[in-house]
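K.L.:
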Amino acid sequence: MTQQGLLAGKCAFISGASSGIGAAAARVFCREGAVVMLVARRGEKLDALTRELRGKGYEAHYTTADVARGAEVAEAVDRTLDRFGRLDVAFNNAGVGAAQVPLHVMEDELYDLIMDTNVRGVWNCMRHQIPAMLARGGAIVNTSSTAGLVATPVAAPYIASKHAVLGLTKAAAAEYASRGIRINAIAPGSTRSEMIDDWLEQEPGAEELLRGAAPLPRIAEPEEIAEAAAWLGSDRASFVVGATVPVDGGWTVR
Ligand SMILES: NC(=O)c1ccc[n+]([C@@H]2O[C@H](COP(=O)([O-])OP(=O)(O)OC[C@H]3O[C@@H](n4cnc5c(N)ncnc54)[C@H](OP(=O)(O)O)[C@@H]3O)[C@@H](O)[C@H]2O)c1
Numbered sequence: 278m279t280q281q282g283l284l285a286g287k288c289a290f291i292s293g294a295s296s297g298i299g300a301a302a303a304r305v306f307c308r309e310g311a312v313v314m315l316v317a318r319r320g321e322k323l324d325a326l327t328r329e330l331r332g333k334g335y336e337a338h339y340t341t342a343d344v345a346r347g348a349e350v351a352e353a354v355d356r357t358l359d360r361f362g363r364l365d366v367a368f369n370n371a372g373v374g375a376a377q378v379p380l381h382v383m384e385d386e387l388y389d390l391i392m393d394t395n396v397r398g399v400w401n402c403m404r405h406q407i408p409a410m411l412a413r414g415g416a417i418v419n420t421s422s423t424a425g426l427v428a429t430p431v432a433a434p435y436i437a438s439k440h441a442v443l444g445l446t447k448a449a450a451a452e453y454a455s456r457g458i459r460i461n462a463i464a465p466g467s468t469r470s471e472m473i474d475d476w477l478e479q480e481p482g483a484e485e486l487l488r489g490a491a492p493l494p495r496i497a498e499p500e501e502i503a504e505a506a507a508w509l510g511s512d513r514a515s516f517v518v519g520a521t522v523p524v525d526g527g528w529t530v531r
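My numbering applies: residue 278 is where the sequence shown begins, and numbers increase by one.
1. Check whether the segment 307 to 316 touches the segment 473 to 490, counting contact only when three or more Cβ pairs, one atom from each stretch, lie closer than 8 Å.
2. Ligand 1 heavy atoms versus the CB of MET420: any closer than 8 Å?
3. Measuring only the C-alpha atoms, how far is GLU484 from GLY466?
4. Just mark ALA409 as buried or exposed, buried being the case when its beta carbon has 16 or more other beta carbons within 10 Å.
5. Nearest by alpha-carbon distance to ARG318: which of ARG304, ALA353 and GLN281 is it?
6. Determine the DSSP secondary structure at THR327, reduced to helix, strand or coil.
7. Can the beta-carbon of PHE306 be found less than 9 Å from the beta-carbon of PHE368?
8. Based on the DSSP output, what are the partners of MET314 in its beta bridges?
9. Could you give the C-beta distance for THR423 and THR529, rounded to a whole number, given that I count them as a contact under 8 Å?
10. If we count the other Cβ atoms within 10 Å of its Cβ and call it buried at 16 or more, is LYS439 buried or exposed?
11. Classify ARG304 as helix, strand or coil using the three-state DSSP reduction.
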């Protein structure tokens, strides 16, 4: 653990760390001085990232968990406490997306998958992280989306799920701020990752559409999103509570 950086001395839990924004956050959080517990379902990806980070001299560990399952999240938080003795920062970032499918023909299974991962996943994480933070305080950052602020061209349950993440964030922030836990959300715009690459492959012309929709006409790199999460999780954001920070190249200003 280094003593320099935005997150110097912090013990962090990052869900959805096996790719995209979460993997970028693992690199950014380590660079900023945190020790990290990386969480997702694909152990081989987490293992490779953990080795990469250790190779750079950082302290990184991983544990596999499906965020939709409360018992697995509880175990992941326990492993974090076993390893570090405490939890200072949690980045609840795991999520699944889906290309736009007309609502009236969408299968219930897709609705369940999106809601169970994106909403119950954040619920499961906060439920088990908050007790681990109550004694010393902490910071939680949840990943919503521009789809949590406005309707975007993605599946309706995804939009509903990301609005719900903001509701959970605000409710928990109001409940726990006075007990030393700051809880906020980020709302990323279009960001290079497995999720969006899959979608762009299915929708010819979508990339041009996305680029043209933001005042800053490009797709973000995952590190650009992770930087905002690192700041919100740090003591430098000490008076930021229950906020949603868009990281979207201005996509939601119009
Ligand atoms: N990319 C964008 O344009 C964009 C925009 C706005 C918001 N977001 C949000 O950003 C977050 C990260 O997505 P990304 O863009 O980085 O996409 P990604 O590369 O597909 O990453 C998604 C991550 O979530 C994990 N995950 C999915 N289901 C999980 C489950 N049930 N349990 C545990 N982990 C699970 C995946 O790991 P495993 O498969 O190994 O479990 C992976 O690490 C998501 O919440 C997404 O909704 C993305």
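We treat Cβ as the ideally placed atom computed from N, Cα and C, and that holds for glycine.
P.N.:
The short version:
1. no
2. In the sequence shown, the residue the question calls residue 420 occupies position 143. Checking the sequence shown, residue 420 turns out to be Thr, not Met. Yes, the Cβ of THR420 comes within 8 Å of a heavy atom of ligand 1.
3. On the sequence shown, residue 484 is found 207 positions in, with the first residue counted as 1. On the sequence shown, residue 466 is found 189 positions in, with the first residue counted as 1. Each residue's alpha carbon lies about 13 Å from the other.
4. Working through the sequence shown from its first residue, we reach residue 409 at position 132. ALA409 should be labelled buried.
5. Within the sequence shown, residue 318 is the residue found at index 41, counting from 1. Measuring from the Cα of ARG318, the nearest candidate turns out to be ALA353.
6. Taking the first residue of the sequence shown as position 1, residue 327 is located at position 50. THR327 falls in the helix class under three-state DSSP.
7. Here residue 306 is taken as the residue at index 29 of the sequence shown, counted from 1. Here residue 368 is taken as the residue at index 91 of the sequence shown, counted from 1. Contact: yes.
8. Along the sequence shown, read from residue 1 onward, the residue named residue 314 stands at position 37. DSSP, once it has assigned bridges, lists PHE290 and HIS338 as partnering MET314.
9. Position 146 of the sequence shown, counting from 1, holds the residue named residue 423. Position 252 of the sequence shown, counting from 1, holds the residue named residue 529. Sure, about 5 Å apart at Cβ, within 8 Å.
10. Along the sequence shown, read from residue 1 onward, the residue named residue 439 stands at position 162. LYS439 comes out buried.
11. What you label residue 304 is simply residue 27 of the sequence shown in a count that begins at 1. ARG304 falls in the helix class under three-state DSSP.
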